[in-house]
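Undergrad: Submitted below is the structure of interest, expressed as structure tokens.
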Amino acid sequence: MSHFRAKRLDLGGFINARIIRDHTKRKVFEQFEPERQALRYAIRNTSLPQRVRVQAQLQLSQMHAYTRSTQIKNRCVAGGVARSVFRDFKIARYQFREQALAGLLPGVRKASCHLILTSVLSLVLLTERMLVYQEKDLPKDPVFVPDLEKLGYFINDKDQIRQVANPEADFKFKLTNNERWNDVHGNAMNECIRRIVLERLSALSLSTVRLPPGVQEGDKHVPILCSSNLRQAKRVVVVFGSSTQDLGIWAYRSIGKLSINGGSMVDFAKTVLKKDGDELSENDEDTALVIANAGQLYYHWGSGTAVSYRTWFALPQQSAVHPPLKWSLRNRIPQNANCEEHVKCVFEGILAARGQLVHEEAKIDVIAVSDGAQHATRYLAANWEKWKDYIAAMCLADPIHNKSELVNEGKEIDMDVGLEMGSFSRFLSTRCRAYILSPHPAEWPVPGTLDYGCNTFSSGEPVHSEASIVSCWRSMLQWLDKLHADPSYEEVELIIAEEEDDDGWEKRKQQGEAEAEAEVVVDEGETGS
1 MSHFRAKRLD LGGFINARII RDHTKRKVFE QFEPERQALR YAIRNTSLPQ
51 RVRVQAQLQL SQMHAYTRST QIKNRCVAGG VARSVFRDFK IARYQFREQA
101 LAGLLPGVRK ASCHLILTSV LSLVLLTERM LVYQEKDLPK DPVFVPDLEK
151 LGYFINDKDQ IRQVANPEAD FKFKLTNNER WNDVHGNAMN ECIRRIVLER
201 LSALSLSTVR LPPGVQEGDK HVPILCSSNL RQAKRVVVVF GSSTQDLGIW
251 AYRSIGKLSI NGGSMVDFAK TVLKKDGDEL SENDEDTALV IANAGQLYYH
301 WGSGTAVSYR TWFALPQQSA VHPPLKWSLR NRIPQNANCE EHVKCVFEGI
351 LAARGQLVHE EAKIDVIAVS DGAQHATRYL AANWEKWKDY IAAMCLADPI
401 HNKSELVNEG KEIDMDVGLE MGSFSRFLST RCRAYILSPH PAEWPVPGTL
451 DYGCNTFSSG EPVHSEASIV SCWRSMLQWL DKLHADPSYE EVELIIAEEE
501 DDDGWEKRKQ QGEAEAEAEV VVDEGETGS
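See the structure below:
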């Protein structure tokens, strides 16, 4: 008991061994009370993990024996003869504590008379130490090396990515039930695909150009791809992807289903540049290709590259449970803060530099996807007087714009078509096509002309919007080649009636009428008999 004995004992009355023992117990009880209350709070808090509550229960059971108030006898106010301190003052315990705290009882300092605020603060600090994990105890952030072999995949003879363990199965996204693990693992696979695609596009004479123009390699920039013949070609095909696509990628879904070249822009670039294997065709210098990058508009200083919204949330964190990296103005790329600014930067920074980056007489064919198509049509509608002599035709995949939001300018009116001669609306109606989701085969006319302002066709993809361009870009290029060969060609506007789906109501109505007529005939027969 000597190692529990308090250094100071001043009760103002007769002292014996029992008082010393009880006083020491009170001191020990007071010392552990904040921790004990914190443990009880953790045990009763059902919102905490079960493991934390069990650990708190175990720690509470292993504390010092003097952890219950019933183990201490209050010999000052217990029944029977009161101690001398109360015999002198003749007051109850509550009044005694009040006067002791107020300093009205000189020489009296009881263990239970400390300021309550000190205990409360100690309880709060102790609770924080107990219920908040330290960084060393947090689960580490998963790390997956962007290497196909280390991830357990390979490329088969059909240019498809397949599992080493199961050569018939493609990429498995749901690796575990932990979303963070799945996101990091999926981003590692996407990084492998991006490296392969960019390497193949580079072999097709496509080089990286940084936007905005004039920035250095270490500055914030967005990479786009331009063919080496951009300065000499008299025809330029520019591609504006959606804000969810990475550079050179149509859809990762299509890469897993079809092939790397088929789901990316590799086959597309080969067709545009008229590549025959690794050799250049005779007409290779006639057409140039510009691939914009509307998806990777978040600059990550750690890697020194622009990343997409999906990749940003898969970047390394302090631990697996920390929030994602915070985006700030330091990560905003000048003139490319969003898809709209990026489209404007490509037009005014690359395509408008005639005689410098682009041939002075070059005609431009535009292929745009989703919100990239929306911002491309808006920009051209607002600046049509500047671009109407250079834009030859346009194809839109899965467009989301509406013709009512576009600006129409012009003076001369063509009464046969009903659109102003030289206006963007006329160009949209006669030199533009839209390809949307539809269960019909590709190039099947479908309703949508009144919404998009141009003839609308099926893309051949019924479900996934990001894969619509994959199934229809060949049809787009064939139509663009036709318009490039005949600059005066104007497509006739097609108004397709939209089929109303009545969920079989008309059929059920006819069946009901037939059954009613049959019942009338039966009733008449019974009446006549």
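Here the UniProt record's numbering is used: the sequence shown runs in plain steps of one and ends on residue 529.
Using N, Cα and C, we set each Cβ at its ideal position, and we do this for glycine too.
Look at the alpha carbon of V346 and the alpha carbon of G186, and state the distance between them as a whole number of angstroms.
TA: Counting from 1 along the sequence shown, the entry for residue 346 is found at position 346. Counting from 1 along the sequence shown, the entry for residue 186 is found at position 186. Answer to the nearest angstrom: the Cα atoms are 30 Å apart.
Undergrad: Taking C-alpha atoms, which residue in Q59, S47, P49 and T24 lies nearest to Q37?
TA: The count along the sequence shown starts at 1 and reaches residue 37 at position 37. For Q37, the nearest C-alpha among the options comes from Q59.
Undergrad: Flag this pair as yes or no: are the beta carbons of S242 and S370 separated by less than 7 Å?
TA: For the purposes of this step, residue 242 is taken as the residue at position 242 of the sequence shown. For the purposes of this step, residue 370 is taken as the residue at position 370 of the sequence shown. Against a cut-off of 7 Å, the Cβ pair of S370 and S242 comes out as a contact.
Undergrad: Pull up the CB-CB distance for W250 and V470, whole angstroms please, since I reckon it's below 8 Å.
TA: Indexing the sequence shown from 1 puts residue 250 at position 250. Indexing the sequence shown from 1 puts residue 470 at position 470. Contact holds; Cβ gap of about 5 Å.
Undergrad: Any idea what DSSP makes of E341, helix, strand or coil?
TA: In the sequence shown, the residue the question calls residue 341 occupies position 341. It is helical.
Undergrad: Helix or strand or just coil, what does DSSP make of S281?
TA: On the sequence shown, residue 281 is found 281 positions in, with the first residue counted as 1. Model confidence at S281 stands at a pLDDT of 49, short of 50, so the residue's coordinates are unreliable; what they give is reported in the following sentence. It is coil, neither helix nor strand.
Undergrad: Check this for me: beta carbons of C454 and C432, under 7 Å apart or not?
TA: One-based indexing of the sequence shown puts residue 454 at position 454. One-based indexing of the sequence shown puts residue 432 at position 432. Taking 7 Å as the Cβ cut-off, C454 and C432 qualify as a contacting pair.
Undergrad: Compare the beta carbon distance of D159 and S319 with 7 Å and say whether it is the shorter of the two.
TA: As a working mapping, residue 159 is identified with position 159 in the sequence shown. As a working mapping, residue 319 is identified with position 319 in the sequence shown. No, these two residues do not count as a Cβ contact at 7 Å.
Undergrad: CB-CB under 7 Å to F268, same chain, minus the five flanking residues each way: which ones, in chain order?
TA: Residue numbering aside, residue 268 sits at position 268 when the sequence shown is read from its first letter. Result list for F268: W473, in chain order.
Undergrad: Taking only runs that begin and end inside the region 437 to 523, name each unbroken alpha helix (DSSP H) of 4 or more residues, in chain order.
TA: Runs of the alpha helix (DSSP H) inside the region 437 to 523: 449 to 452 and 468 to 485.
Undergrad: Keeping to the same chain, check which residues put their C-beta closer than 7 Å to that of A233; ignore five residues upstream and five downstream.
TA: If you number the sequence shown from 1, residue 233 lands on position 233. If we look at A233 and ignore the five residues flanking it on each side, its Cβ neighbours are E285, D286, T287, A288, H359 and A362.
Undergrad: Rounding to the nearest angstrom, what Cα-Cα distance links K509 and T449 in this structure?
TA: If you number the sequence shown from 1, residue 509 lands on position 509. If you number the sequence shown from 1, residue 449 lands on position 449. Answer to the nearest angstrom: the Cα atoms are 32 Å apart.
Undergrad: Is I413 helix, strand or coil when you go by DSSP?
TA: Residue numbering aside, residue 413 sits at position 413 when the sequence shown is read from its first letter. For I413, the predicted structure reports a pLDDT of 40, less than 50, and the residue's modelled location is therefore unreliable. A value from the coordinates is still provided. I413: strand per DSSP, three-state reduction.
Undergrad: CB-CB under 7 Å to R446, same chain, minus the five flanking residues each way: which ones, in chain order?
TA: In the sequence shown, counting from the first residue as 1, residue 446 sits at position 446. Per the sequence presented here, residue 446 reads as Val, with Arg not at that position. Excluding residues within five positions, the ones whose Cβ falls inside 7 Å are I436, S438, H440, T456, F457, S458 and I496.
Undergrad: DSSP three-state call for Q59: helix, strand or coil?
TA: Residue mapping note: residue 59 aligns to position 59 of the sequence shown, counting from 1. DSSP places Q59 in helix when its eight states are reduced to three.
Undergrad: At which residue ranges does the region 271 to 334 contain complete beta strand (DSSP E) runs of 3 or more residues, listed in the order of the chain?
TA: Taking only runs of at least 3 residues, the beta strand (DSSP E) segments lying wholly in the region 271 to 334 are 287 to 291, 298 to 300 and 305 to 307.
Undergrad: Does the beta-carbon of F173 have 16 or more other beta-carbons within 10 angstroms, so that it is buried, or is it exposed?
TA: Taking the first residue of the sequence shown as 1, we reach residue 173 at position 173. Burial call: exposed.
Undergrad: Which partner residues does M394 have in the DSSP bridge list?
TA: Working through the sequence shown from its first residue, we reach residue 394 at position 394. Answer is V366 and C432, bridged to M394.
Undergrad: Taking the beta strand (DSSP E) that I224 belongs to, which residues open and close that run?
TA: Position 224 of the sequence shown, counted from the first residue, corresponds to residue 224. Counting along the chain, the beta strand (DSSP E) containing I224 begins and ends at V222 to S227.
Undergrad: Count the other CB atoms within 10 Å of the CB of K136; is the residue buried (16 or more) or exposed (fewer)?
TA: Sequence index remark: in the sequence shown, residue 136 carries index 136 (1-based). Burial call: exposed.
Undergrad: Over the uninterrupted alpha helix (DSSP H) stretch that includes L201, give me the two end residues.
TA: As a position in the sequence shown, residue 201 is number 201, starting the count at 1. Its alpha helix (DSSP H) spans residues E179 to A203.
Undergrad: Taking DSSP as the reference, what is the three-state secondary structure of T208?
TA: Residue mapping note: residue 208 aligns to position 208 of the sequence shown, counting from 1. Three-state result, T208: strand.
Undergrad: Among Q55, N336, A352 and A373, whose alpha-carbon lies nearest the alpha-carbon of I364?
TA: Counting from 1 along the sequence shown, the entry for residue 364 is found at position 364. The shortest C-alpha separation from I364 is found at A352.
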